[in-house]
Every structure is written in structure tokens, then in C-alpha cells.
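Engineer:
There are 2 protein chains.
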Amino acid sequence: MNEKVYRTELTPVSFLQRSVSVFPDKIAVVHGDRQYTYSEFGARVNRFAAQLRENGLRRHDRVAVLSPNTPALLEAHFAVPAAGGILVAINTRLQSQEVDVILKHAGPKFLFVDAELAPLLEPLNTAGMQVVRIEDTGSDTDPYEQFLSAGNPHPVVSWLEDEEETISINYTSGTTGRPKGVMYTHRGAYLNALGEVVHSKHSSDSVYLWTLPMFHCNGWCTTWAVTAVGGRHVCLRAVEPSRVWQLMRDEGVTHLNGAPTVLISLANAPEAAPLGRPLTITTAGAPPSPTIIEQMTELGARIVHVYGLTETYGPYTVCERQSDWDAFAAGDRARRLARQGVAYVIADPVRVVDPDMRDVPRDGATMGEVVMRGNNVMAGYFGDPEATEAAFTGGWFHSGDLAVWHPDGYIELRDRAKDVIISGGENISTIEVEQAIASHPAVMEAAVVAMPHDHWGERPKAVVVVKPGTSVTAEELIAHVHGRIARFKAPDAIDFVDALPKTSTGKIQKYVLREKEWARHSSRIH
Amino acid sequence: MNEKVYRTELTPVSFLQRSVSVFPDKIAVVHGDRQYTYSEFGARVNRFAAQLRENGLRRHDRVAVLSPNTPALLEAHFAVPAAGGILVAINTRLQSQEVDVILKHAGPKFLFVDAELAPLLEPLNTAGMQVVRIEDTGSDTDPYEQFLSAGNPHPVVSWLEDEEETISINYTSGTTGRPKGVMYTHRGAYLNALGEVVHSKHSSDSVYLWTLPMFHCNGWCTTWAVTAVGGRHVCLRAVEPSRVWQLMRDEGVTHLNGAPTVLISLANAPEAAPLGRPLTITTAGAPPSPTIIEQMTELGARIVHVYGLTETYGPYTVCERQSDWDAFAAGDRARRLARQGVAYVIADPVRVVDPDMRDVPRDGATMGEVVMRGNNVMAGYFGDPEATEAAFTGGWFHSGDLAVWHPDGYIELRDRAKDVIISGGENISTIEVEQAIASHPAVMEAAVVAMPHDHWGERPKAVVVVKPGTSVTAEELIAHVHGRIARFKAPDAIDFVDALPKTSTGKIQKYVLREKEWARHSSRIH
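Protein chains in written order, with my numbering: chain A, 1 to 526; chain D, 1001 to 1526.
1) With distances taken Cα to Cα, identify the nearest neighbour of D/A1365 among D/K1502, D/V1464, D/W1405 and D/W1396.
2) Enumerate, from N- to C-terminal direction, the unbroken beta strand (DSSP E) stretches of 3 or more residues contained entirely within the region 1104-1187 of chain D.
3) What is the rounded straight-line gap between the Cα of D/R1351 and the Cα of D/I1292?
4) Nearest CA to the CA of A/S399: which residue from A/P241, A/G138 and A/Y316?
5) Taking just the CA atoms, how far does D/V1226 sit from A/V30?
6) Considering only the alpha carbon of each residue, which of A/R243, A/E122, A/S204 and A/K104 lies closest to A/D25?
7) For D/V1088 and A/A327, I'd like the C-alpha separation in whole angstroms.
8) Mapping the DSSP letters down to three states, classify D/I1009 as helix, strand or coil.
9) Going along chain D in order, which residues have a C-beta closer than 9 Å to the C-beta of A/V229?
10) Check whether the region 1136-1154 of chain D and the region 1050-1063 of chain D are in contact - that is, three or more C-beta pairs closer than 8 Å.
11) For D/A1189, collect the residues of the same chain with a Cβ closer than 8 Å to its Cβ; drop the 5 residues on either side in sequence, then sort them by chain order.
12) Alpha carbon to alpha carbon, how far is D/T1137 from D/N1055?
13) Are the beta-carbon atoms of A/M378 and A/V99 separated by less than 7 Å?
14) Nearest chain C C-beta to D/N1125 closer than 7 Å, yes or no?
15) So which of D/L1266, D/E1445, D/E1458 and D/H1480 has the shortest CA-CA distance to D/K1467?
16) State buried or exposed for A/K356, treating a residue as buried only when at least 16 other CB atoms are found within 10 Å of its CB.
17) Can you tell me whether D/G1252 is buried or exposed? The criterion is at least 16 other CB atoms within 10 Å of its CB, across all chains shown.
18) Taking the C-alpha atoms as reference points, what is the distance between D/L1074 and D/P1068?
19) Give the DSSP bridge partners of D/V1306, in chain order.
20) Under a three-way DSSP split, which group does D/I1090 fall into?
21) One question on the structure: do A/M451 and A/E515 come within less than 7 Å of each other, judged by their Cβ atoms?
22) How far does the beta strand (DSSP E) with A/T366 in it extend, from its first residue to its last?
23) Select from the region 323-355 of chain A all residues with a C-beta closer than 8 Å to any C-beta belonging to chain D, and list them in chain order.
24) Ignore the nearest five residues each way along the sequence and tell me which others in A/P460's own chain have a CB closer than 8 Å to its CB.
25) Mind checking if A/V132 is an interface residue toward chain D, Cβ cutoff 7 Å exclusive?
26) Compare the beta carbon distance of A/V22 and D/E1476 with 7 Å and say whether it is the shorter of the two.
27) Reducing DSSP to helix, strand and coil, say where A/N192 ends up.
28) Which ranges would you report for the beta strand (DSSP E) in the region 417-446 of chain A if only whole runs of at least 3 residues count?
29) State yes or no: is the C-beta of A/S265 within less than 7 Å of the C-beta of A/P241?
30) Taking only beta-carbon positions, decide if A/L194 is within less than 7 Å of chain D.
31) Please list the residues of the region 1377-1394 of chain D that have a C-beta atom closer than 8 Å to any C-beta atom in chain A, keeping them in chain order.
32) Name, please, each residue of chain A whose Cβ falls closer than 7 Å to the Cβ of D/S1039.
33) Among residues of its own chain, excluding the 5 on either side of D/H1526, which ones have a beta-carbon nearer than 6 Å to its beta-carbon?
34) Short of 9 Å Cβ to Cβ, which residues in the region 1150-1168 of chain D face chain A?
35) Assuming A/Q340 and A/I411 make a contact with CB atoms under 8 Å, what is their CB distance in whole Å?
36) Within the 7 Å Cβ cut-off, does D/E1412 reach chain A?
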């Protein structure tokens, strides 16, 4: 306990302790037929923490978990920091070799693995780690349950001395290069969780469906936020649209988070129909098109559009709704809501800067890099001072995202720095082109990438998935785009495909599409 | 700026800066016919801060304000800490001599005084203070406006180095002894403001009516909370029930805070009628009776019952609603809501302890003292290490309030330590007796105090205000009470009066009633 009567170190672990005390008999966690009250949730977390220590956990030891959105992974979000460890929730869609790189880098003392993902570990050397299998049954024969059962159900004594200690390490799902371990602090996680409560409007009435992977930025800190207000977690191993619609109805879901691609799959599911009660969908991970915002709004969802990166605990900005937007036509409102917006209430102001770190004009046209600093920026990359220093050049975290700054102070992403198309010296925002394409009623999803061009250097190429039961030609689509954005930004070519390549968190892997284009080009000109 | 990219000192000043940026054209402050947008509010605060520095403010200098709930006092809540000063908002209902004691103790460099209260200063020596008169007109001839007008409308550079620096000193309206200056920190104010947002459910749609004095715990930090979410402040110089009802209707008020006595005056006003839209009333300052909770609920208000002290930034606990309470009969629900509840989401758990600092049993019967610690406990009493040490005995802040702890973890106040009645060795909670009396339909308000008794030591005496147009006899009231609480707790005597003596914050001054009883007794037996 801190000596000062008026200071307690901030940690999201306290959120669970409070909700266990205030809402002991309320259902905290639902997973299929299993349910845990807050009292049970708390006791399971306490047993988990006690057993970690009992089995040799020392302060700041890493504890890795490789699991879909199960109660075990949720419990780890409290048990590991309560015990004094650091949580490493590993991306479940990685290949065996990629998991190996993370394990070698993080050096966890414990590794909890879901049975479905256990084969990933078979080729790997896990010597030095205590491996515990999660069968996700909740029954006595489940090794994870056996691990818990030996533990003391009372809270362990906290070892936390400073709220700036690391609570978790989240490895970026970077598409290239070695993975980097983003360090979150207890303080940052606590404050960002409160930010989620404020901006997604969580309360003890929240019934939150886990469509967003918990391994992704600790579920944008929603693991901690929903617990803070005594809301209900509805776990979900896999996002199947029909199952999601069923759970939304059966469990009385009030909130979910998801990347725009998840929203697209929900909006286009046969089960899609208004729920007849409020549903808040917080979306990020890629800029949602005005089209999908409008579709989900028609289905009765209130869209909270946020933006951030793994390095910012998930969301850093929110597209704050202005009261006069309600009077706008649906399409106009959706276009406003498609902007990434302004900093969270608990964050420092976001900036868009030129290469000399000067603010770009707020003209809605000049592109610059998005930079952030403050309490919901990572403490650095684990064991990687060089990468940390590079990311923090000039005293700001460099997002690598390009945006324009509107006169009203809202930012709007234009591209990842590496995705932008430079055609005849002009920057073309792939997002802008994609949104113009997505506004065609036959388009389900679109990705635009640079293809090499002998004269212009690069030109836009679109890869499009068409909605089932509709059709459109490349010529029709290009004509449609011509009416919406500057002519030089329209794609020169369109490929129609059945599905786009995506990362585990639902982001379109543009580098895959781009590499295909450049490979074609190379083979053609050499 | 802090060297760490991932750390920004917490301060509520940042809340205004954000809302100015996000909601520049939104009405932030309404005061009669005057309105300021967030942009104007921000510019006024910046001018104010700049002028404080221009006129000699040094870091941590005190700036006193003696004003009702005017825009000037609200602006001071941001301008003074932005400039690096410490705000001392003085109770407006003090006598001249009491104000003098505070001024001498706080030693402010500036004193802003509302014209209506200026006569209080006439007998006083204000040498060494720059005194600025607030005429509260907003016009160019108002000295306060003239002070602002010379200032630079751009933000001053922050001098804040540590979030634990003092942001304000609030003098307790203690009924006896020398006043004590309760120090709030930037960190505590920031966190408690977020707690208000979560528990009173504030959002950018909030229209907050200032029925609670801003000088009282900085308006329970609601000055900062409503600004954080970009809500609207509706100022109010004096709480007249008919004016409050009018403003609630005309301004679309969604939230207000007030002591139970304020609620009683609202519920009994001729204008009282359901508003037809949601209204949240956060109440504290004294335990509200189930009766007034039920009355206000019938008028359509959602009651959030909180409890705390000046030493805890205002509210520390909240009576969290449980979902199964909705199914209860109105009276049962109101009885639950009349309890003081559990710690805020940003607070450490509250405790009820015996004189040896051991937790009392959670039996709903054993009385103990309420103690608190953590981020929303004051940093100490200004310039009074002895009083600070006494208040922090055993590493906890001692509230001086007696409560029972219910099996569900909710605390329920029974008395101020000094108000409890000891009759034949048994403790009698004056609050319990008052609530039994208040449940009679003819009773508007009641206060119970100890009167001396030769045999029992002390016995309860009730002082009652009857509702206009109704009547009840002492015998009828005592019979009513007999049916509700243990017979020995019923008052031996009842006085009917037109009004109860109250403090400036609406608390009943039991010591006044008690002194009268004891004076009678002395004169009788000596």
C-alpha cells in the first residue's frame, strides 16, 4: 500500500475487485451454456493468480495465452496483472513459426493454450515454459480448470509499486519485419478503459459481445472497461455472422466492437434485421466506408467510430457526434461519421504533421502523418530500445498513418504511409478511392493498391468483391467513381475476386495484393 | 511537457481544452440571457489565466472567489489552475468575520467578489490582495469583464509539473472550530470528475443546472465533469424552486445535483410536475429519506444517491442500482436507494471500522466509522499538518460519520459521530428516527437531536416542519413512528416549527437545535 493516504496506483485490477464486491450475483461472463457471476469470475481470477505465484511466477514474468475469446483469456486479463505478471495475449491466427518468434522474444514462464490451437505448438520448443492446456469446457477434467482448482480463491497481495509498470505486451501483427512487443502500463490501461466507458457509453446494463479478438490490444481495453462498470461479457470463439445475430437476439447484446469488415459481414448476413432495441457498435481497425456506416445505422445500430493502433491501447480518437448532424441526410451524416475524429477525453490532442513535425493546415486536403503522445501511448517496445526511439522521434509517437485535418479539427485517414499511391507526383489516397467504389450498390468490399506504371510511376488498381446476387462491370464501376472523385484518382483497372486477403484482425492485407501487381509487372518488363 | 512520451500529468484543465477544440460552436454556458459557446468559454478562461499572470500570479498562489454560481466562478475553475494558481472558492453564506478567517488563512493574491457579496468585505482588511468586483452582467463596464478583456485569448503555457500539485483549497463549512482548508490535487480532481461522468451518466447531451453551489467541493467536481464531456452548464445565482422548475423546462435540463433539502423544496413547489423527459438528480450532503426519493421518482427523476465529504472531493460512494430493484415496490426500492452504497469506480473500497480500525460485521446493525483512502481523498489540510495527521490516523481518512455495513456491502449512514443519541447506553441513529417521521404524509422535513434526560442520559427530540395545508399532532406522529422502528428510538417530544436552521449547503444545523435543548435543560436544573 502506498504511504500516501491520498494516492492509490491506478490499475484495472481494481475494477474487477469493485464489481465483485458490488455485483456479486450478477452474471459477468456468458460462454455458450456456461455462466459465471461476478463473484465466481472474481474467485476464478483469484485462484488463477494464486496458482501463478504458487507455480513460481516472479514479478514482471510474462504469461502468454494463445486462445480465442474464451473465459480463460478474459480471466487472464485480471489474474496475470493481479499476480504481478505481464500478459502476452498472442494472435490466434498466426502460423506456428510466427508464434515461435513471439515466444522466443517474450520469454514467458507460463503458456496457456486453447486445445484448438495446441497443434501450433507441436513443432516448437517450449522448454522453460509451463504449458497449460485450455479445453474450454469448464469441466473438472479440463487442465485449465484443474490448474485453477488448486488455487486459493482469495485475492493475492498486490506487488504493484508503480502504476507505470507494464501490464501487458501486445505483439503487433505487422505484415513485414520482426514483430514488436508493445508495452501497456497499468496506468494507461486504466485510463483508456475509462475512455472506452465514456465514449462507448458503457454502464452496468452493458451486455458486450466479444466479436473483437481479446488478443488485439487487449480487446481495445474493453476487457477492463466492461468489467469496470459491472457489465456482462458474452464470449465468442469465432465470428460467424449468423451466430452473432443469434447471440445479439438471445443474450440481449447492447454493445460490440469490430473492424469494418466484421460489420460488412454482419450487414450482409441473411439474418440481418433490426433488433428493435439499442445496439452500440464501436468500430476501428480500418476506416469504415460511409456506406457500411449507413447500412448498420439502418439496422438500428449506433456507430461509434474510433481509431488508433496497437501502440495506443487501441482507440486514440473518436468521431464525436455533433448535435447538428442528426438533422443531416443519412448519407451526409455517414460521411461525417466515417472520419476518425478527435482525441479521446483521456488522451492528449492528436496532431497531423509534416516531415518537420509542423502541423499541416486544417484544410481537409493536405496530408500529413498522425502523431500522438500521452497516457494512452505505449511505454515502448519490449526489449527494443532502438525501435522505441525511432517510433518516438521528436517526442511524439509516429503512427505511420497519413491523414488530412479538417477545419473542424477532425482528422480523416487517407492511407498507411506505405499504402499511398503516388501517381505523376500526386498523392492518391487509396481509402478515398475505396470509399467511392464502395458506394456502388453492387460492391461488398473493395481494396485499392498501387500498380506500377511506366509513365505515371504508379496508378490505382482496385480489387473488388461483389455482393451475392448482383453484378457490375469494371467499366460501370470506373464510370461510377468518375462521378465522385477527381478523374486521375479513378482506378485504371479492376479485378473481381471472391474474397480479399485479410489479417487476423480483419484488416485487408494490401501488401499481398500489391506484391501480386508488382510481381506481374516485374515478370512483364524483365 | 513531461519527458516521457507516454505520460501526461492528469489535470481537469485538459478537459476544457478538448471541449473547446471538439465543440467550439456548442453552447457551453447559459446564464439568464447570456450564452457562451465552448469557443467563447475557452477564450474567456484563457484571458482570465493570462491576466492573473500578467498581474503577478506566481506558481501556487491562491486565488479566492466569493460568488454565487456565475460564469465567473465557473471560469475560475479552469483559469486559476491553468495559470498555475490554486482556487479558493469561498462559501457565499458566511458572515464577514468567517470570510476574514479564510482570507487570513489562505492568503490569496487575488480576490474576485460578486457585487451582491461585496458588502461582506467592507469591514475587512484586504491589503495585499488584488480585489476584482464581479457585477455578473457580462457587459463592458463590469470590472470582471474589464479584467478579462485585457488578457490574451490564447492558452498560457502550463506550469504544472506534477499531477499531485494542489488545484484548489475548499474550506469546510464546519459548524465549530477553526475552518480547515481541504486541498484537492489535479490528479484527484481529474479522476473524481471522470467518476461523476460514469456514475451520473454525463454525456455531450448533458444540460446541467447549477443548483449545487460551485463553492461546495468545486460543485462535487461537476464543474470539471460536465466540461469534460462537452455538456452545457446552466448557471443559477440562487435556488428558488419556481425558477428551478422553469429552467428545467425552458433549458431542457437533463441533470442537477442537490442536497435532499433542495429536493424537498422542489418536490413541494406548486410547479412540481413530471417533465416528460429524463432527468437525473444526483443527491448528497445528508442522507435523503426514502420518502423524498419516492416523491422525486414519481416526478420522473432518476435519483443517483451519492455520499462523501469535502475531504473526498464530494462524492466517494454511490448507491449503485441493482437490476432486480426495478421489480421492487416503489417504497422498497426507495429504501434501498436511501443507502449510501459502495465506493466510486475510481475510488478505493470504503470501510466501516471500529475504534481499533477493524471492519465491523456486515450485519446492517453494528455501527462504526466510515473511513476512506486513495485518489479521491484530499492531500491534507492546507498549512495544518496536525489536523491532517489526526484525520489520517492509521493510514485512512476518518470521516467522523457513523454507518452500518449491510450484508451486500452497501454502507448506510446512521449519524455524524457527534449527532448520535446515547440513551441508556444504546445508540440511537437520528437519521433512522428522522426517516420514520418523514414517512408520515403531513411531514415536510424533520430533524432529531439529543435532549438531556436525567435517567437515560439522552433522549430523542424531533423538530418537524409540516407540509402546507396539512396538520398532525405530536401524539399522532409518535404513534406513527412506533409502528416503524423500535419503541425506545421514538422521540419523547416533538416541536413544530416553520423552518429548520440550515447551513449554506442545505445541511440541517443540528447543533443549533441541540444547543437550544441543552440551554433549556441547564436553565431548568441549575
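Glycine residues also receive a C-beta, built at the ideal position from the N, C-alpha and C atoms.
Structural biologist: Answer, in terms of the structure:
1) Counting from one through the second sequence, the residue named residue 1365 of chain D turns up at place 365. The candidate whose alpha carbon is nearest that of D/A1365 is D/W1405.
2) If we require 3 residues or more, the beta strand (DSSP E) runs fully inside the region 1104-1187 of chain D come out as 1110-1114, 1130-1134, 1166-1171 and 1181-1185.
3) Looking up residue 1351 of chain D in the second sequence gives position 351. Looking up residue 1292 of chain D in the second sequence gives position 292. Those two C-alpha atoms are separated by around 27 Å.
4) Working through the first sequence from its first residue, we reach residue 399 of chain A at position 399. Of the residues A/P241, A/G138 and A/Y316, the one whose Cα lies closest to the Cα of A/S399 is A/Y316.
5) As a working note, residue 30 of chain A is residue 30 in the first sequence. As a working note, residue 1226 of chain D is residue 226 in the second sequence. Near 35 Å, if we compare the C-alpha coordinates of D/V1226 and A/V30.
6) Along the first sequence, read from residue 1 onward, the residue named residue 25 of chain A stands at position 25. For A/D25, the nearest C-alpha among the options comes from A/S204.
7) For this step, residue 1088 of chain D is matched to residue 88 along the second sequence. For this step, residue 327 of chain A is matched to residue 327 along the first sequence. When the Cα atoms are used, D/V1088 and A/A327 turn out to be separated by approximately 43 Å.
8) By 1-based counting over the second sequence, the position of residue 1009 of chain D is 9. Sequence check: residue 1009 of chain D is Glu here, not Ile. Secondary structure of D/E1009 (DSSP, three-state): coil.
9) Working through the first sequence from its first residue, we reach residue 229 of chain A at position 229. In chain order: V1198 and V1345.
10) Counting Cβ pairs under 8 Å, three or more are found: they touch.
11) Along the second sequence, read from residue 1 onward, the residue named residue 1189 of chain D stands at position 189. These residues qualify, in order along the chain: T1011, P1012, I1167, S1168, N1218, C1221, W1224 and Y1313.
12) Your numbering for residue 1137 of chain D matches position 137 in the second sequence. Your numbering for residue 1055 of chain D matches position 55 in the second sequence. Rounded to the nearest whole angstrom, the C-alpha separation of D/T1137 and D/N1055 is 23 Å.
13) Along the first sequence, one-based indexing puts residue 378 of chain A at 378. Along the first sequence, one-based indexing puts residue 99 of chain A at 99. Not closer than 7 Å, so no.
14) No chain C is part of this structure, whose protein chains are labelled A and D.
15) As a position in the second sequence, residue 1467 of chain D is number 467, starting the count at 1. That would be D/E1445, whose Cα lies nearest to the Cα of D/K1467.
16) What you label residue 356 of chain A is simply residue 356 of the first sequence in a count that begins at 1. In the sequence as displayed, the identity of residue 356 of chain A is Asp instead of Lys. It counts as exposed.
17) Taking the first residue of the second sequence as position 1, residue 1252 of chain D is located at position 252. Exposed, because fewer than 16 other Cβ atoms sit within 10 Å of the Cβ of D/G1252.
18) If you number the second sequence from 1, residue 1074 of chain D lands on position 74. If you number the second sequence from 1, residue 1068 of chain D lands on position 68. Going by the C-alpha atoms only, they are around 10 Å apart.
19) Here the question's residue 1306 of chain D lines up with position 306 in the second sequence. D/V1306 pairs with D/V1318.
20) Counting from one through the second sequence, the residue named residue 1090 of chain D turns up at place 90. In this structure, D/I1090 counts as coil in the three-state DSSP scheme.
21) To locate residue 451 of chain A, count along the first sequence from 1; it is residue 451. To locate residue 515 of chain A, count along the first sequence from 1; it is residue 515. No, they are not a contact pair.
22) Taking the first residue of the first sequence as 1, we reach residue 366 of chain A at position 366. Segment: none, A/T366 is in no beta strand (DSSP E) and carries neither H nor E.
23) Answer in chain order: S323, V342, A343, V345, I346, D348 and P349.
24) Mapped onto the first sequence, residue 460 of chain A falls at position 460. If we look at A/P460 and ignore the five residues flanking it on each side, its Cβ neighbours are I421, S423, I428, T430, V433, V448, V449, A450, M451, K489, A490, P491 and D492.
25) Residue numbering aside, residue 132 of chain A sits at position 132 when the first sequence is read from its first letter. Not closer than 7 Å to any Cβ of chain D, the Cβ of A/V132 fails to qualify, so no.
26) In the first sequence, counting from the first residue as 1, residue 22 of chain A sits at position 22. In the second sequence, counting from the first residue as 1, residue 1476 of chain D sits at position 476. No. Outside cutoff.
27) Stepping through the first sequence from its first residue, residue 192 of chain A is reached at position 192. Collapsing the DSSP output to three states places A/N192 in a helix.
28) 421-423 and 426-428, all fully within the region 417-446 of chain A.
29) Against the first sequence, residue 265 of chain A aligns to sequence position 265. Against the first sequence, residue 241 of chain A aligns to sequence position 241. Annotated as proximal: A/S265 and A/P241, with beta-carbon spacing under 7 Å.
30) Translated into the one-based positions of the first sequence, residue 194 of chain A becomes position 194. A/L194 has a beta carbon lying within less than 7 Å of a beta carbon in chain D.
31) Going along the region 1377-1394 of chain D in chain order, one finds V1377, M1378, A1379, G1380 and F1392 with a Cβ nearer than 8 Å to chain A.
32) As a first step, residue 1039 of chain D must be located in the second sequence, where it is residue number 39. From the beta-carbon of D/S1039, no residue of chain A is found nearer than 7 Å; the closest lies around 11 Å away.
33) Within the second sequence, the letter at position 526 stands for residue 1526 of chain D. Reliability fails at D/H1526, whose pLDDT of 39 lies under 50, so the model's placement of it is uncertain and no value is given.
34) Across the region 1150-1168 of chain D, CB contacts with chain A closer than 9 Å involve E1164, in sequence order along the chain.
35) Your numbering for residue 340 of chain A matches position 340 in the first sequence. Your numbering for residue 411 of chain A matches position 411 in the first sequence. Contact between A/Q340 and A/I411 holds: their C-beta atoms lie close to 5 Å from each other, under 8 Å.
36) To locate residue 1412 of chain D, count along the second sequence from 1; it is residue 412. No, because no Cβ of chain A sits closer than 7 Å to the Cβ of D/E1412.
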